[in-house]
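J.:
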Amino acid sequence: MNAKSRLRLGKLMMVLMMVALLIIPFNMAQAATSGMAWPTSNTTVYTTGTGGVWYPRMLQVSSSNMLASFDSNADGGFTKVKVAKSTDGGLTWGTPITAASDANGDVGNGQMLLLTNGDIWLAYRVVIHSGSTYTTYLKVRKSSDGGSTWSDLANGQIATESENSFTGVWEPFLGYVGSTICVMYADDSSAVVGTSGKQKLLMKTWNGSGWNSATVVSDGVANSSRDGMPVFTKMADGRYIVVFEATDVSGHPFGIKYKISTDGLDWSGTRQTMFIPTNAGKKAGAPFVVKLGDGRLMASFQTDDSSANTGDSYSSMRTMISSDNGATWGYLYNVFPVSDTKFSNWNSLMAVDTTRVMAVTSANFPSTGIYLRTGNAGTPSNVNFADNWGFETANVNGWAPSGADYPNRIHIHGVNDGIARAPGGGNYFIGLAGTSSPGTAYIGQTITGLDSGTYTMRAYIRSSGGQTSNYMEVKDYGGSTLQTNFPVTGTWTQVTISGISVTNAQATIGFYAANTSDSQWADIDNVEFIKTASTTPLNVNLTNNWGYETANVNGWTTYGSDYPDRIHIHGINDGIARAPGGGNYFIGLAGISSPGTAYVGQTITGLQNGTYTMRAYLRSSGGQNSNYMEVKNYGGATQQANFPVTSTWTQVTISGINVTSGQAIIGFFASNSSGSQWADIDNVEFFRTN
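Pasting the structure below:
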């Protein structure tokens, strides 16, 4: 899965790409995901009719000028590192130039860094094979004119190894730690790992005239792992994170791991797991990580987990998001979905500005090339942003009590109190307690980095009553303070403040009690602050894999063995007419020898409440017991429209869908009574109309 594996597979992949006959339009529709919306179309950076391309990396030089580097042997001979330039913010790309090459061997693993003085460095790997000797180098090229011309950096060689086997140094990654230029790389040379067959991650710092001695970032020998492909970045809290692929994952060739460093230089912390494939024998590798403009982290990697085939040649790009500086990861999403016989791999990411991120991949459709898509980052809907929301730390970490309120008038109640806890409340909650004399207690927290939009605050609370004042509140969000009183009851009650229109990127949530005696109490648990309505663009298709151009049902949900038994993929070789603008594929809900049903659908989440339309090109044989298109779980009654009985593709529409729940399920159903019945589907759309 590391650079050596890519090099070994390179020629085989090149042959496979040149003989591939299956051409799939590379224009997957925008899909609604938590925190990221990917637009309908992609941008082509570079395509080639011969040879291959791998390992794309991007660099933003200014708001409009961008560079993309990638490995390619399209010119024939050894692999080189090419660099293409965009002067319009990534919309169009010029003809690439050769930035790094070697007359005696393959060059690859290019990666760029913009220095504070405006220079650009390009780190890369060289492999020279002579007889039984493999010599690997990690070197640096420099550009002082925005990437137009390149020259060797004086004393820029990072490392070199000569071996009698295909081992050495690989995958350099340049970055800043504070004001110091650093490089991480993988090393499986005998001088570093002996005969273990494992691999270490090393780091060097630049002293102004050369590279200092290496330090260990991750010890693959000690962990019985081939750690590889390191990428690091500074997080919003000032610490640093490195992501890498690793083999110490039972049942899988590779998984994705990471480490966190306080200062970016000492990486002695523990290894943590980000992603392991669900299916046995599958792999995940080639990770990348960036800090988004809103402070969250986005990581990417490639995996064959959802493919019917196994290996890098069948892998596609995934992203995950962390909103808590790497403590947890979620929102797994396939940015470049492909068929089971294709790939989108050796990917990377680049944060563009406060709201956008670019994902770039090397893929083999519609032709061999480098492609990018731009995602729009936003605050995820229906995700709790309250820190330490259930007080399960058994303290008030993440909260800001007033003065000496904690622990004097704010008490931690736990598993040993014998006091009933809130539904789903875990082991702890807090109480705003009275004292022997009148007194007040307050606890709150400010949540920052919020998108403008509508939010909801809710919590399980209860109280003794009798207080002078006792309320839950939200303030400093761009509007007037909103408050609601604690219920006077011994029963945990969920209380809600809804319709909070955040306009200043933050909100302060809190709880207050003015007690007059020590017999008064007010308890709090399970505090939530969530975005309840995301901004959904008008007239943009939100359906994932809307035209089935992956030649499978990726992005859709099917029942049991419906796929592939009763849901068939029809393609360019079937000789069956496709829908207008339908590309190369569509699906059919087919009958079998005995009566049976077939269903395909998908849930679209993160929707702004409003009016939507669903439409699709349909046709059918007729004769089914039931055969319809539907939308449901959107906050209203299920709406259905029957398939037309015709062999002509007909666009069927369900309009006026009033979404009030932030989501919708769209689907297609057929109850066939014989093997001669069929119902075809293509070009599915779901979009907001007002």
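Residues 160 to 849, numbered by our numbering, are exactly what the sequence shown covers, in order. In this text, a Cβ means the ideal position worked out from N, Cα and C, and glycines have one as well.
In terms of alpha-carbon separation, which member of S372, I840, N685 and K634 lies closest to A581?
T.: Within the sequence shown, numbered from 1, the residue matching residue 581 stands at position 422. Ranking S372, I840, N685 and K634 by Cα distance to A581 puts N685 first.
J.: Under 8 Å by Cβ, that's how I've got L273 and L218 pegged, so tell me the actual separation to the nearest angstrom.
T.: Position 114 of the sequence shown, counted from the first residue, corresponds to residue 273. Position 59 of the sequence shown, counted from the first residue, corresponds to residue 218. So it is a contact: roughly 6 Å between Cβ atoms.
J.: Using the C-alpha atoms, what's the distance from G821 back to Q767?
T.: Counting from one through the sequence shown, the residue named residue 767 turns up at place 608. Counting from one through the sequence shown, the residue named residue 821 turns up at place 662. Looking at the two C-alpha atoms, the distance is approximately 6 Å.
J.: A518 lies in the beta strand (DSSP E); which residues open and close that run?
T.: On the sequence shown, position 359 is the one that residue 518 refers to. First-last of the beta strand (DSSP E) with A518: R515 to N523.
J.: Is DSSP giving S291 helix, strand or coil here?
T.: Here residue 291 refers to the residue found at position 132 when the sequence shown is read from its first residue. Of the three classes helix, strand and coil, the one that applies to S291 here is coil, per DSSP.
J.: Indicate the three-state DSSP secondary structure (helix, strand or coil) for V699 in the structure shown.
T.: The sequence position of residue 699 within the sequence shown is 540, counting from 1. V699 falls in the coil class under three-state DSSP.
J.: Can you tell me whether P412 is buried or exposed? The criterion is at least 16 other CB atoms within 10 Å of its CB, across all chains shown.
T.: Translated into positions along the sequence shown, residue 412 becomes position 253. That one is buried.
J.: With 16 as the cutoff for other CB atoms within 10 Å, does A666 come out buried or exposed?
T.: For the purposes of this step, residue 666 is taken as residue 507 along the sequence shown, with counting starting at 1. Buried, since its Cβ has 16 or more Cβ neighbours within 10 Å.
J.: When the Cα of S639 is compared with those of V511, I668, S785 and K791, which residue comes out closest?
T.: The residue you call residue 639 lines up with position 480 of the sequence shown. Residue I668 is the option with its Cα nearest to S639.
J.: What residue from L250, H570, A736 and I824 has the CA that sits closest to T809's CA?
T.: Sequence index remark: in the sequence shown, residue 809 carries index 650 (1-based). That would be A736, whose Cα lies nearest to the Cα of T809.
J.: Sort A600, Y758 and T807 by Cα distance to M788 and report the nearest one.
T.: Your numbering for residue 788 matches position 629 in the sequence shown. Among A600, Y758 and T807, the Cα nearest to that of M788 is on Y758.
J.: Using the Cα positions of F325 and L456, report the straight-line distance between them to the nearest angstrom.
T.: Within the sequence shown, the letter at position 166 stands for residue 325. Within the sequence shown, the letter at position 297 stands for residue 456. Their backbone Cα atoms lie some 34 Å apart in a straight line.
J.: State the start and end residues of the unbroken alpha helix (DSSP H) segment that holds N567.
T.: Looking up residue 567 in the sequence shown gives position 408. Per DSSP, N567 belongs to the alpha helix (DSSP H) from D564 to N567.
J.: If we call anything under 8 Å between Cβ atoms a contact, is K363 one with C341?
T.: Along the sequence shown, one-based indexing puts residue 363 at 204. Along the sequence shown, one-based indexing puts residue 341 at 182. Their beta carbons are under 8 Å apart, which means K363 touches C341 by this criterion.
J.: In chain order, which beta strand (DSSP E) runs of at least 3 residues are fully inside the segment 632 to 657?
T.: The qualifying runs are 641 to 644.
J.: Residue range of the beta strand (DSSP E) that D346 falls in?
T.: Here residue 346 corresponds to residue number 187 of the sequence shown, with the count starting at 1. It spans T339 to D346 - the beta strand (DSSP E) in which D346 sits, taken as one unbroken run.
J.: Please report the straight-line C-alpha distance between N698 and T819, rounded to a whole angstrom.
T.: The residue labelled residue 698 in the question sits at position 539 within the sequence shown. The residue labelled residue 819 in the question sits at position 660 within the sequence shown. When rounded, the distance between both Cα atoms is 18 Å.
J.: Let me confirm a value: V511 is counted as buried when at least 16 other C-beta atoms fall within 10 Å, else exposed. Which label applies?
T.: Within the sequence shown, residue 511 is the residue found at index 352, counting from 1. The residue in question, V511, is buried, as its Cβ has 16 or more Cβ neighbours within 10 Å.
J.: In three-state terms, what does DSSP make of A350?
T.: If you number the sequence shown from 1, residue 350 lands on position 191. If DSSP states are grouped into helix, strand and coil, A350 belongs with the helices.
J.: Return the Cβ separation of Y601 and F550 in integer angstroms, given the expectation that the two are a contact with Cβ distance under 8 Å.
T.: Counting from one through the sequence shown, the residue named residue 601 turns up at place 442. Counting from one through the sequence shown, the residue named residue 550 turns up at place 391. 15 Å between Cβ atoms; not a contact.
J.: What are the partner residues of M433, as DSSP defines its beta bridges?
T.: In the sequence shown, residue 433 corresponds to position 274, counting from 1. Partner(s): none; M433 has no beta bridge.
J.: Among residues of its own chain, excluding the 5 on either side of I182, which ones have a beta-carbon nearer than 6 Å to its beta-carbon?
T.: In the sequence shown, residue 182 corresponds to position 23, counting from 1. With a pLDDT of only 27 at I182, under 50, the local geometry of the prediction cannot be trusted, and no value is derived from it.
J.: Quick check on S472: does DSSP put it in helix, strand or coil?
T.: Residue numbering aside, residue 472 sits at position 313 when the sequence shown is read from its first letter. It is helical.
J.: Let me know the secondary structure DSSP gives P597 once reduced to three states.
T.: Numbered from its first residue, the sequence shown carries residue 597 at position 438. Note: P597 maps to coil in three-state DSSP.
J.: Which residue comes first and which comes last in the alpha helix (DSSP H) that contains D721?
T.: Residue numbering aside, residue 721 sits at position 562 when the sequence shown is read from its first letter. From DSSP, the alpha helix (DSSP H) with D721 extends over D721 to D724.
J.: Please name the residue, chosen from S832, G760, F802 and S833, that lies closest to A823 on a Cα-to-Cα basis.
T.: Mapped onto the sequence shown, residue 823 falls at position 664. Considering only alpha carbons, the answer is G760.
J.: Whose C-alpha, out of T392, K416 and N366, is nearest the C-alpha of S384?
T.: For the purposes of this step, residue 384 is taken as the residue at position 225 of the sequence shown. Of the candidates T392, K416 and N366, the one whose C-alpha sits nearest the C-alpha of S384 is K416.
J.: Any idea which residues DSSP pairs E322 with across the strands?
T.: Residue numbering aside, residue 322 sits at position 163 when the sequence shown is read from its first letter. Partner(s): Y293.
J.: Residues in the same chain with beta-carbon distance under 6 Å from Q799, minus the five sequence neighbours each way, listed in chain order, please.
T.: For the purposes of this step, residue 799 is taken as residue 640 along the sequence shown, with counting starting at 1. Taken in chain order, the residues that qualify are Y787 and E789.
J.: Using a Cβ-Cβ cutoff of less than 8 Å, which residues in the same chain neighbour G569 once the five nearest sequence positions on both sides are dropped?
T.: Residue mapping note: residue 569 aligns to position 410 of the sequence shown, counting from 1. Checking the displayed sequence, the identity of residue 569 turns out to be Ile instead of Gly. Taken in chain order, the residues that qualify are V555, P560, I589, G590, L591, A592, A600 and I602.
J.: For Y758, does the three-state DSSP call read helix, strand or coil?
T.: Here residue 758 refers to the residue found at position 599 when the sequence shown is read from its first residue. Strand.
J.: Report buried or exposed for N232, applying the criterion of at least 16 other Cβ atoms within 10 angstroms of its Cβ.
T.: Along the sequence shown, read from residue 1 onward, the residue named residue 232 stands at position 73. Under this definition N232 is a buried residue.
J.: Between G369 and the rest of its own chain, which residues show a CB-CB distance below 7 Å, the 5 nearest in sequence each way excluded?
T.: Along the sequence shown, one-based indexing puts residue 369 at 210. Cβ neighbours of G369 beyond the five flanking positions: N314.
J.: Measure the CB-CB distance between A672 and Q626 and report whether it falls below 8 Å.
T.: Here residue 672 refers to the residue found at position 513 when the sequence shown is read from its first residue. Here residue 626 refers to the residue found at position 467 when the sequence shown is read from its first residue. Yes, the pair counts as a contact, with Cβ atoms nearer than the cut-off.
J.: By the 10 Å Cβ neighbour count, where 16 or more other Cβ atoms means buried, how is S753 classified, buried or exposed?
T.: By 1-based counting over the sequence shown, the position of residue 753 is 594. S753 should be labelled exposed.
J.: Would you identify the three-state DSSP class for I279, choosing helix, strand or coil?
T.: Within the sequence shown, numbered from 1, the residue matching residue 279 stands at position 120. If DSSP states are grouped into helix, strand and coil, I279 belongs with the strands.
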